[in-house]
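Visitor: Residue numbers (the working numbering), protein chains in the order written: chain A, 1 to 177; chain B, 1 to 450; chain C, 1 to 121. Mind having a look at this structure? Questions to follow.
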Amino acid sequence: MNASCAAADSAVDITLHHRITQFLYREARLLDGECWDDWLALMADDIHYWMPMPENRRRADSMKAYEAGRGALFDDGLLDLSRRVARFKQPSAWAEDPPTRHVHVVSGVEAFHAAAGEYIVHSTFVNYRSRGERDNDSLVGRRQDLLRVHANDFQLARRTIYITQSVLLAKNLNTFL
Amino acid sequence: MTARMADFHTSWIEAPKLERLMDLENGRMSRLVFQHGGLYEQELERIFARCWLFVAHDSQIPKAGDYITTYMGQDNVIIVRQKDGSVKGFLNSCPHRGNKVCFADAGNARQFICNYHGWSFAIDGRLKGMHASEAFDSTGFDPAGHGLHPVAQIDSYRGLIFATLDPHAPPLAEYLGDMRYYLDAVFDMDGEGTEFVGGCVKSVIRCNWKLAAENFVGDALHAGWTHDSGARAMVGEGVGELHKNPQQSYQVNFNGHGWEFNQDIIGNCASLGDKELVKYLYALQPHVAGRLDEFRSRMIGSISSCTLFPNTSFLPGQNTFRTWHPRGPQEIEVHIWTFVNKSAPPDIKERWRKGSMLTFSPSGVFEMDDGENWEYATRTNEGYLTRQQDLYIGLGGNTRVYDTGLPGNVHQGQVNEANQRAFYQRWLDLMGSASWAEVPQRDVPAEASV
Amino acid sequence: MSQSVLEINKNDLSPEGVSRFESALGPIAVYELDGAYYATQDGCTHARASLSEGEILDGELIECPVHGGTFHIPSGRAVGFPCKTPLRTYKVSDAGATLRIDLECEAAAACVRGETHVHGA
């Protein structure tokens, strides 16, 4: 897990923090509601959306649990994300019919100034999915985002998602995190 | 959720007679093979403790001391490169009180030390020493008898390392038999072999292992229906109607291993939606034709799938390679890797790493729809009456072709269930045999595949 | 040559950097680090192990091959878990083609350390 912590004095002020938090909450609500196109519109053209699968490695190992270029459930640019969305919208996506019930809980939001008009944002999440009678899956993790001012709002330019499970305890991952 | 004997009440009931489980000639089989706890325990003994199981790719452990941990059935094992370049495998359990010895998925070690009493094992499994070793001196303790328990045999083919827990298993070459001829089409395209790129993606599917294995051994049929959404998302149209051109595709099987494939060279690869990968394969195909033969050169990335009996499968073209580790009759742990030609340019390797995970991983646009099929094909059998019904496995019952010059049992048309029937025939043969000596020799390697 | 001096041929030293020799006091580990020579007891002070079968790390530590504990070669000081008790060291004199190891005298670095040791060869 990325332990780099920006200095406290580069933290954004309370108004900006509120706006950034509201952006993340709205993003979560779009995903809960399967509003895929609206969610995709929040991605910048140069988005890198990355969720590495952690490996169990000893502390002394030079390779760490989360490494670029290893196994990942998302390692996506915009085209890859839009292909995933394209599948979600297909009537023949049988694993989406009947629909899954999603809740994305977002918390622990910290936001820091980066380059002009960009912000490094940390957050934690709990994701619940329930399907059919008793198919319940949950995932917990952290996210580190690079948000960029766009129009009167923000766009997501980078997201790294750190989940805790090294074996995904679910048959699929039919949402974004 | 780990399955235990007590969770499955049917395990208290004597396992059903094996001969009543399969009527393959008539295309019928019993659902109990996906549900019965007693049969599962018997599988651990007669399938997983006996067959050659995939454990690692050469490329994962290049240097002395490099190791990975994996499973053979439900036995956790350490696979480690030796100083002389050979590979050894051991049960990952301390012979003192049984604790797991190595908790990492991979790494490099000069020794493996148990956290409980500091028993230290060399990379060749020998017990090197213990914490407070003087305490053992007075008991006349001889370390020689207390090393890590080695797997019975370990060997490799084209970089794929297999191991078996049965000292009486036939050699790997004989076990793979005629499949080696076909494996060369993907794992020996240019003489430099393959490597795994990136890491391992692991997930759980709550299904019986055989549903996944049989799907990859011969189920081309499901692609057009299950994966319609994935195909439309990746390439803008549904899966091709494979059944309309049976003369262009085949199912081949040998002692339970099975490969269903088209001759379209790039069909699977095209589903990754990356023109560079298709170009790469088209450019490679004539060289493979010259080196192996035209027929195999058309398999290198075609619409196809393969299972090596019992539980390792791969998809050429999408380059996903996986083992379905059994965790009880109703659960598997899937370990997924991506393979590429060692000689491929770094950019091509990276495109395959990302493309295979975009399509065939738990978040993969194709794989996402498989899990539910298999979970519920397993779960419906909790029903008392449901599990007493037969299942159909009779597609393509009259498609066997002879005199093709190809090794193995060859069937025309990949939309077929011939490979599935052969898979269950092998399963039945092994389940009914107390030792390898009793296992029927249905398929014998042809000379050509040596 | 008295029993208290072990004379060894440099040609007999292993290219790995550490070699084991028998002496009147038991096995001795002899090290070559960047052209300088050192000697300690061969037995690890933690548990039964031969340090000459271990690896030299960071240019000056010997890692025990059994539990991975480390000692500082010039002074014998225990550095890494689980090692606690220092190694007995021996003064080494470079005589050109040979080394003379004084079995009665500690290395200079060990004397600076100022601890007493428990001889556990």
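Don't be surprised by glycine CBs; every beta carbon is placed ideally from N, CA and C.
1) Does the beta carbon of S133 of chain B sit closer than 8 Å to a beta carbon anywhere in chain C?
2) Which residue's Cα is closest to the Cα of G71 of chain A: A:M51, A:L173, A:D61?
3) Closer than 8 Å by beta-carbon distance: list the chain B residues that pair up with L168 of chain A, in chain order.
4) Comparing the C-beta of A49 of chain C with each C-beta of chain B, is any distance below 8 Å?
5) Does S120 of chain B get closer than 8 Å to chain C when you measure Cβ to Cβ?
6) Which residues in chain C sit within 8 Å of K128 of chain B, going by Cβ to Cβ distance?
7) Could you check how far apart the C-beta atoms of D93 of chain A and D137 of chain A are, in whole angstroms? I think they sit under 8 Å.
8) Candidates B:A104, B:A56, B:L44: which alpha carbon is nearest A65 of chain A's?
9) Which whole-angstrom value describes the C-beta separation of N127 of chain A and T164 of chain A, a residue pair presumed to lie in contact below a C-beta threshold of 8 Å?
10) Does P91 of chain A pass the burial test, meaning 16 or more other C-beta atoms within 10 Å, or should it be called exposed?
11) In this structure, does DSSP put I266 of chain B in helix, strand or coil?
12) Tell me which residues share the same chain as T399 of chain B and place their Cβ nearer than 7 Å to its Cβ, disregarding the 5 neighbours each side in the sequence.
13) Based on Cα-Cα distance, which residue from C:A110, C:G76, C:A39, C:E60 lies nearest to F21 of chain C?
14) May I ask you to report which of helix, strand or coil DSSP gives C111 of chain C?
15) Less than 8 Å between the C-beta atoms of A185 of chain B and M299 of chain B, yes or no?
16) Assuming K128 of chain B and P82 of chain C are in contact, meaning their beta carbons sit under 8 Å apart, how far apart are those beta carbons, in whole angstroms?
17) Measuring straight from C-alpha to C-alpha, what distance separates D75 of chain B and N56 of chain A?
18) Along chain A, in chain order, which residues have C-beta atoms closer than 9 Å to that of S304 of chain B?
19) To the nearest angstrom, how far is it from the Cα of G69 of chain A to the Cα of I161 of chain A?
20) Start and end of the alpha helix (DSSP H) containing N215 of chain B?
21) Nearest-angstrom Cα distance between S52 of chain C and V18 of chain C?
22) Would you mind telling me which residues of chain B sit closer than 8 Å to P82 of chain C, beta carbon to beta carbon, in chain order?
23) Can you give me the C-alpha to C-alpha distance between T135 of chain C and G54 of chain C, rounded to a whole angstrom?
24) What whole-angstrom Cβ distance do E438 of chain B and F339 of chain B have, given they're in contact under 8 Å?
25) Taking 8 Å as the threshold (beta carbon to beta carbon), is R110 of chain B in contact with chain C?
26) At least one CB of chain B closer than 8 Å to the CB of E55 of chain C: is that the case?
27) With Q498 of chain B and G218 of chain B assumed to form a contact (beta carbons below 8 Å), what rounded beta-carbon distance in angstroms separates them?
28) Just to confirm my understanding: we take C35 of chain A, look at its own chain, exclude 5 residues before and 5 after, and list those with CB closer than 6 Å. What are they?
29) Can you check the region 325-378 of chain B for any beta strand (DSSP E) of at least 3 residues that lies completely inside it and give the ranges in chain order?
30) Between I78 of chain B and chain C, is any beta-carbon pair separated by less than 8 Å?
31) Alpha carbon to alpha carbon, how far is K91 of chain C from C105 of chain C? Give it in angstroms, no decimals.
32) In chain order, which beta strand (DSSP E) runs of at least 3 residues are fully inside the region 38-68 of chain A?
33) Under 8 Å between beta-carbons, which chain A residues line up against T226 of chain B? List them in chain order, please.
34) Quick one: measure Cβ to Cβ for V365 of chain B and M234 of chain B, integer angstroms, because I've assumed they're closer than 8 Å.
35) Comparing the C-beta of I113 of chain B with each C-beta of chain C, is any distance below 8 Å?
36) Name the chain B residues that come within less than 8 Å of E118 of chain A, Cβ to Cβ?
Guide: So, from the data block:
1) As a working note, residue 133 of chain B is residue 133 in the second sequence. Taking 8 Å as the CB threshold, S133 of chain B lines the interface with chain C.
2) Locating residue 71 of chain A in the first sequence gives position 71, where the first residue counts as 1. It is A:M51 whose Cα lies nearest to the Cα of G71 of chain A.
3) Locating residue 168 of chain A in the first sequence gives position 168, counting from the first residue. V201, K202, S203, V204, P362, listed in chain order.
4) Here the question's residue 49 of chain C lines up with position 49 in the third sequence. It does: the Cβ of A49 of chain C has a partner Cβ on chain B nearer than 8 Å.
5) Taking the first residue of the second sequence as 1, we reach residue 120 of chain B at position 120. Answer yes: the Cβ-Cβ gap between S120 of chain B and chain C drops below 8 Å somewhere.
6) For the purposes of this step, residue 128 of chain B is taken as the residue at position 128 of the second sequence. Residues of chain C passing the Cβ test: A49, P65, V66.
7) One-based indexing of the first sequence puts residue 93 of chain A at position 93. One-based indexing of the first sequence puts residue 137 of chain A at position 137. First, the residue type needs correcting, since residue 93 of chain A is Ala and not Asp in the sequence shown. Wrong, their Cβ atoms sit about 17 Å apart, outside the cutoff.
8) Counted from its first residue, the first sequence places residue 65 of chain A at position 65. Here the closest residue by C-alpha is B:A104.
9) Locating residue 127 of chain A in the first sequence gives position 127, where the first residue counts as 1. Locating residue 164 of chain A in the first sequence gives position 164, where the first residue counts as 1. Wrong, their Cβ atoms sit about 12 Å apart, outside the cutoff.
10) As a position in the first sequence, residue 91 of chain A is number 91, starting the count at 1. Exposed is the label assigned to P91 of chain A, since fewer than 16 other Cβ atoms lie within 10 Å of its Cβ.
11) Locating residue 266 of chain B in the second sequence gives position 266, where the first residue counts as 1. Coil at I266 of chain B, not helix or strand.
12) What you label residue 399 of chain B is simply residue 399 of the second sequence in a count that begins at 1. These residues qualify, in order along the chain: H411, Q412, G413, N416, A418.
13) Numbered from 1 along the third sequence, position 21 holds the residue referred to as residue 21 of chain C. Of the listed residues, the one whose Cα sits closest to F21 of chain C is C:A39.
14) Against the third sequence, residue 111 of chain C aligns to sequence position 111. The three-state secondary structure of C111 of chain C, taken from DSSP, is helix.
15) Counted from its first residue, the second sequence places residue 185 of chain B at position 185. Counted from its first residue, the second sequence places residue 299 of chain B at position 299. Closer than 8 Å, so yes.
16) Indexing the second sequence from 1 puts residue 128 of chain B at position 128. Indexing the third sequence from 1 puts residue 82 of chain C at position 82. Their Cβ separation, rounded to whole angstroms, is 14 Å, which puts K128 of chain B and P82 of chain C out of contact at 8 Å.
17) The count along the second sequence starts at 1 and reaches residue 75 of chain B at position 75. The count along the first sequence starts at 1 and reaches residue 56 of chain A at position 56. N56 of chain A has its alpha-carbon roughly 18 Å from the corresponding atom of D75 of chain B.
18) What you label residue 304 of chain B is simply residue 304 of the second sequence in a count that begins at 1. In chain order: nothing, as chain A lies at least about 22 Å away.
19) What you label residue 69 of chain A is simply residue 69 of the first sequence in a count that begins at 1. What you label residue 161 of chain A is simply residue 161 of the first sequence in a count that begins at 1. Cα-Cα distance, rounded: 15 Å.
20) For the purposes of this step, residue 215 of chain B is taken as the residue at position 215 of the second sequence. Element bounds for N215 of chain B: 209-218.
21) Here the question's residue 52 of chain C lines up with position 52 in the third sequence. Here the question's residue 18 of chain C lines up with position 18 in the third sequence. For S52 of chain C and V18 of chain C, the gap between their C-alpha atoms comes out near 5 Å.
22) On the third sequence, position 82 is the one that residue 82 of chain C refers to. Result: G118, H131.
23) The structure shown does not extend to residue 135 of chain C, since chain C is modelled only from 1 through 121, so no value can be given for it.
24) Locating residue 438 of chain B in the second sequence gives position 438, counting from the first residue. Locating residue 339 of chain B in the second sequence gives position 339, counting from the first residue. Beta-carbon to beta-carbon, E438 of chain B and F339 of chain B are separated by about 35 Å, too far to satisfy the 8 Å threshold.
25) As a first step, residue 110 of chain B is located in the second sequence; it is residue number 110 there, counting from the start. Yes, R110 of chain B lies at the interface with chain C (some Cβ there is under 8 Å from its Cβ).
26) In the third sequence, counting from the first residue as 1, residue 55 of chain C sits at position 55. Chain B contact via Cβ: present.
27) There is simply no residue 498 of chain B to check, as chain B begins at 1 and stops at 450 in what is shown.
28) Taking the first residue of the first sequence as 1, we reach residue 35 of chain A at position 35. Scanning its chain for C-beta atoms nearer than 6 Å, with the 5 sequence neighbours on each side dropped, one finds no residue around C35 of chain A.
29) The region 325-378 of chain B contains these whole beta strand (DSSP E) runs: 332-341.
30) Working through the second sequence from its first residue, we reach residue 78 of chain B at position 78. Chain C, which has no Cβ nearer than 8 Å to the Cβ of I78 of chain B, makes this no.
31) Numbered from its first residue, the third sequence carries residue 105 of chain C at position 105. Numbered from its first residue, the third sequence carries residue 91 of chain C at position 91. C-alpha separation (whole angstroms): 6 Å.
32) Runs of the beta strand (DSSP E) inside the region 38-68 of chain A: 43-52.
33) Counted from its first residue, the second sequence places residue 226 of chain B at position 226. By Cβ distance, chain A contributes W94.
34) What you label residue 365 of chain B is simply residue 365 of the second sequence in a count that begins at 1. What you label residue 234 of chain B is simply residue 234 of the second sequence in a count that begins at 1. A Cβ-Cβ separation of about 6 Å places V365 of chain B in contact with M234 of chain B under the 8 Å criterion.
35) Taking the second sequence and counting its residues from 1, one reaches residue 113 of chain B at position 113. Closer than 8 Å to some Cβ of chain C, the Cβ of I113 of chain B qualifies, so yes.
36) As a first step, residue 118 of chain A must be located in the first sequence, where it is residue number 118. E118 of chain A does not reach chain B, its nearest Cβ partner there being about 25 Å away, counting only Cβ pairs nearer than 8 Å.
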